[in-house]
Amino acid sequence: MNKPELLAPAGNFKKLKLALYFGADAVYLGGRAFSLRSFADNFTDEELAEAIAYTHARGKRLYVAANIFAKNADLPALERHLRFLGELGPDGVLVSDMGVFRLARRVAPGLPVHISTQANTMNAEAAAMWYELGASRVVLAREVTPPEIAEIHDAVPGLELEAFVHGAMCISYSGRCYLSDFLDGRSSNRGACVQACRYAYEIRAKEEGSGWLPVETDARGTYLLNSKDLNMAAGLRGLEAAGVCSFKIEGRMKSEYYLATVVNAYRRILDGGDANALADELETLTHREYTAYPGASGAASQGGSQKQGTCDFIAVVLGCEGGRVQVEMRTRFFEGDVLEVLSPGENFGREVCVADMVGPDGVKTFDAKLVQGVYSFSCPLALGAGDILRRRRKTRG
Numbered sequence: 007m008n009k010p011e012l013l014a015p016a017g018n019f020k021k022l023k024l025a026l027y028f029g030a031d032a033v034y035l036g037g038r039a040f041s042l043r044s045f046a047d048n049f050t051d052e053e054l055a056e057a058i059a060y061t062h063a064r065g066k067r068l069y070v071a072a073n074i075f076a077k078n079a080d081l082p083a084l085e086r087h088l089r090f091l092g093e094l095g096p097d098g099v100l101v102s103d104m105g106v107f108r109l110a111r112r113v114a115p116g117l118p119v120h121i122s123t124q125a126n127t128m129n130a131e132a133a134a135m136w137y138e139l140g141a142s143r144v145v146l147a148r149e150v151t152p153p154e155i156a157e158i159h160d161a162v163p164g165l166e167l168e169a170f171v172h173g174a175m176c177i178s179y180s181g182r183c184y185l186s187d188f189l190d191g192r193s194s195n196r197g198a199c200v201q202a203c204r205y206a207y208e209i210r211a212k213e214e215g216s217g218w219l220p221v222e223t224d225a226r227g228t229y230l231l232n233s234k235d236l237n238m239a240a241g242l243r244g245l246e247a248a249g250v251c252s253f254k255i256e257g258r259m260k261s262e263y264y265l266a267t268v269v270n271a272y273r274r275i276l277d278g279g280d281a282n283a284l285a286d287e288l289e290t291l292t293h294r295e296y297t298a299y300p301g302a303s304g305a306a307s308q309g310g311s312q313k314q315g316t317c318d319f320i321a322v323v324l325g326c327e328g329g330r331v332q333v334e335m336r337t338r339f340f341e342g343d344v345l346e347v348l349s350p351g352e353n354f355g356r357e358v359c360v361a362d363m364v365g366p367d368g369v370k371t372f373d374a375k376l377v378q379g380v381y382s383f384s385c386p387l388a389l390g391a392g393d394i395l396r397r398r399r400k401t402r403g
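As C-alpha cells, this is what we get:
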C-alpha cells in the first residue's frame, strides 16, 4: 500500500456507494451475523457478493467484520460464514476472538485476516504475535499513542497498522464493555450495544437527614462515562509518519450526511488540503466535543454531551440535466432557500438558490415537505448524482 488508505464504514449498500463516491479507498461492513454492529442494516449473503463486486469494479477494497466474541453455539454457523467469505474474496476479514482467528485460518486460508481493535493490541509483542500467527493487519487499540505506534511499526515492519481517526469512542478498553449487558441484557461484545455510557448519570451522596443529594456537571446530569468524539484531522501526517497505513472512520450506524461529510473532509486533507481550513466541515455535523488521540490516559477524552452541527441535511442529488436538479428530500425546505453543495468535486461549498420548484406530483410548489419526496428546481451548477445539499443554520447575533 503506497499511500495511506482512507477506510469508511458502510452500514448498508446505499452508504457503501456514498462512501466510495466521496473518496473512500476502502469500506468495512458486516453480514447479518457475527459483526459488532447488529443494529446496523448490514448485508445479506447476496448483498455481500454484490458489494464486493461493486467495490472491486471501482478499484477499491472491502473488508468484512466478523469480530464478535464467539460462544460454542456460534461456531458451526461461523465456520460456514468464513468458508463463504473465502469463496467471495473480500480483501480481508476482521476478527477479535482467537478461536475465530484460528477457524478463519483453517477454513479460509487464502482470506487475509485483520485483527479488530476489540483485541486490544497495544504493544509490539502483541503485534508480533499476531503477525507470526498469520494476520496481515492489526487495528490498533485507540489507547495507543503515536510514539507507541512508531515503536510497533519499527518492531514489526511487515504488519499493516490501521488506526481510528474519527468518530465515537468507548470508555472501555477498545470497546470491551459489559455495561450494556449489565443494564439492558444486550452484550456489546456480541454486537448489541445500547450505548449505555451515553446516558446522563447522577452521583448521589447521602447526607444524614437530607436524603440523596445529586452532583451535577450541567442541567442534564453528569456524563461520567461519555467519551468525546475522536478527531484526528490535524494529526493524519503524524500517524502516517508513525507507520499507520489505514485511517479508519467509525460509524456504521451514522447517517448518510455524517458519512459523506467526514469522508469528504478527510479525503481532501489526504489529497493535500489544509486541515485547518477543513476543520469547519467537521463542525457541520452533530457531534460530541472533539478530542485528539487520547493515548494511555483517557482523562482528556471523557465527558460532554452532544453539540448541534452548523448545517441541516436537506437533500440528496439524484441527477442534474437541462439546468434543473432532481433531489430526494431529507429535511423540509422552501422556495428561496439558499442551499450549500457537499460534493467530492469542484462544486463543493458552492451555493444554489431554490427557484421554480416542482413537487413529486409534477406541480409547482413553494414547500418541499414530503419526506423522501422527489423534487426538482432550477440549478446553474452541474451537480452529480450522490452530491448532497445542506442548509446553514442561522446563528443568533
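By my numbering, the letter at position 136 of the sequence shown is numbered 142, and the numbering carries on one by one without gaps.
Note that beta-carbon positions come from the ideal geometry of N, C-alpha and C, so glycine has one too.
Residue i versus residue j - alpha carbon distance
| i | j | result |
| --- | --- | --- |
| Ala247 | Ala156 | 8 Å |
| Asn353 | Lys234 | 32 Å |
| Ala133 | Val101 | 14 Å |
| Leu291 | Arg86 | 40 Å |
| Asn8 | Tyr272 | 18 Å |
| Asp367 | Phe383 | 14 Å |
| Cys317 | Val331 | 20 Å |
| Val360 | Val344 | 6 Å |
| Ser63 | Ala114 | Checking the sequence shown, residue 63 turns out to be Ala, not Ser. Each residue's alpha carbon lies about 23 Å from the other. |
| Val33 | Gly329 | 34 Å |
| Thr337 | Glu166 | 41 Å |
| Val369 | Val269 | 36 Å |
Outcome for residue i when other beta-carbon atoms lying within 10 angstroms are tallied against a minimum of 16
| i | result |
| --- | --- |
| Leu13 | buried |
| Asn126 | buried |
| Ala321 | buried |
| Asp31 | buried |
| Glu149 | buried |
| Asn232 | buried |
| Leu81 | exposed |
| Thr61 | buried |
| Gln124 | buried |
| Arg112 | exposed |
| Gly98 | buried |
Contact check, residue i vs residue j, beta carbons under 8 Å
| i | j | result |
| --- | --- | --- |
| Val70 | Leu84 | no |
| Phe339 | Arg399 | no |
| Cys326 | Leu389 | yes |
| Leu276 | Leu242 | yes |
| Val333 | Leu387 | no |
| Pro15 | Ile255 | yes |
| Ile121 | Ala147 | no |
| Ala72 | Phe40 | yes |
| Leu109 | Leu88 | yes |
| Tyr381 | Ala374 | yes |
| Ala57 | Phe90 | no |
| Gly173 | Leu236 | yes |
Contacting residues, own chain, Cβ-Cβ under 6 Å from residue i (five flanking each side not counted)
| i | result |
| --- | --- |
| Ser303 | Confidence in Ser303 is poor, its pLDDT being 47 and thus under 50, which makes the residue's placement too unreliable to answer from. |
| Ile158 | Ala130, Ala133 |
| Gly355 | none |
| Ser252 | Glu11, Leu13, Glu168 |
| Trp136 | Ile121, Val144 |
| Asp103 | Phe75, Ala76 |
Beta-bridge pairing of residue i - partner residues as DSSP gives them
| i | result |
| --- | --- |
| Ile237 | Sequence check: residue 237 is Asn here, not Ile. DSSP output for Asn237 lists His172 as bridge partner(s). |
| His293 | Lys313 |
| Ala14 | Val33 |
| Glu346 | Glu357, Arg396 |
| Phe253 | Leu12, Ala169 |
| Leu376 | Per DSSP, none; premise fails for Leu376. |
| Leu100 | Ala71, His120 |
| Lys370 | Val364 |
Same chain, Cβ closer than 8 Å to residue i, five either side skipped, listed in chain order
| i | result |
| --- | --- |
| Gly244 | Pro152 |
| Ala240 | Ala281, Asn282, Ala285, Ala298 |
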